[in-house]
Structures are given as C-alpha cells and as structure tokens.
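See structure below.
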Amino acid sequence: MCDAIRISKGYRKEKWGYFLRAESFYNVATKEEEYADLTHPSAKYHEKSHGESFLALAQNNQRPNGLYLFDEPEAALSPQRQLTLLMQIYSCAKEGAQFIIVTHSPILLGIPDADIYCFDDGRIHLCEYEETERYRVTEMFINNRQMLLDKLLTD
C-alpha cells in the first residue's frame, strides 16, 4: 500500500488525528488510565465491554479537520455498533475529517461517498461497493443461506 499512497502538503492542516487498531485497544485503554489526571480524567475504558469502550474512544476523539487511521475497527464491534460507528464517521467526514480505514466489514464499506480501494491480484484500484468481495460474499450468504450451507456442510 505504501507504493500507492502519495502524501502531499495541502492548504489544509489537520488539527487532530490518531491510529486505532481494535486488536491493540487493551493497551490503549491501559495507557489512557495511566496518563489520566485531574484535568484529564480517565474514561475508564476497562470498565466497559471491548466494543463499548472501543466505540466510546472513537466517538470521544473524532473531530472535524482530523486524520484518522482505523485498522479493522469491526473486530471490536457488533453489526449494530458498526452502524453507530458508520454514522459517527460519516458525520465527522462531512465536517472535513479524513479517514483511512482497512476493513473487511460490508457495513463500514458502505459509508456514503467513500472511495473504496480494492487490493486484487497485486494491484490497488478504485471499485464500487457492490463489486467488493465482502459485499458479494455477504449478499450470497443472505440470499442463498440454506443452499450454501447444504453445499458446504454436506459430506
């Protein structure tokens, strides 16, 4: 991916941003508690479920004109919570924030007005939502569940 990204200085300066990875969120929550003080009290992420604390961190730290890198955020979230995150991302993006999200979630891939890049056969290219493998596999399972299960699970 690094060969496909070109960073350039623009007229806009990002004012805030962070990298968030669901798999390493426990470490983030631990450090957040360690760094807390009277002026910056802890959000006590360890007292919430993994999904609730992950979503709370995302909601509490997204601001307009920020740059956010998310690595598989769906790993911590139920489908309902993915929809909540989708609304949060969409709202923040409308106010000027930028997001780079690596995801396998057909829900998060469905964020309106998003540019979706597919990594197929060693090349990176723009693709439509309905062309993504995640969408096609999910659609196939929902529309043909019994037939697919019969085929997969029959000896």
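All the letters of the sequence shown, read from the start, carry residue numbers 49 to 203 under our numbering. Glycine is no exception: its CB is placed at the ideal position from the N, C-alpha and C atoms.
Which listed residue (the options) has its alpha carbon closest to that of residue i
i           : options               : result
residue 127 : 153, 145, 144 and 114 : 153
residue 113 : 184, 163, 103 and 141 : 141
residue 138 : 81, 122, 79 and 156   : 156
residue 159 : 132, 172 and 185      : 132
residue 72  : 121, 149 and 188      : 121
residue 108 : 123, 88 and 119       : 88
residue 125 : 115, 96 and 110       : 96
Bounding residues of the beta strand (DSSP E) (the contiguous stretch that carries residue i)
i           : result
residue 114 : 114-119
residue 171 : 171-175
Span separating the alpha-carbon of residue i from that of residue j
i           : j           : result
residue 77  : residue 105 : 9 Å
residue 170 : residue 184 : 20 Å
Segment limits, alpha helix (DSSP H) that includes residue i
i           : result
residue 190 : 181-191
Same chain, Cβ closer than 8 Å to residue i, five either side skipped, listed in chain order
i           : result
residue 186 : 154
Residues near residue i in its chain [Cβ-Cβ closer than 6 Å; skip 5 each side]
i           : result
residue 257 : The displayed coordinates of the chain run from 49 to 203. Any statement about residue 257 would go beyond what the structure contains.
(request) Would you be able to state if there are at least three C-beta pairs under 8 Å between the stretch 128-147 and the stretch 177-185? (result) No: fewer than three Cβ pairs fall under 8 Å.
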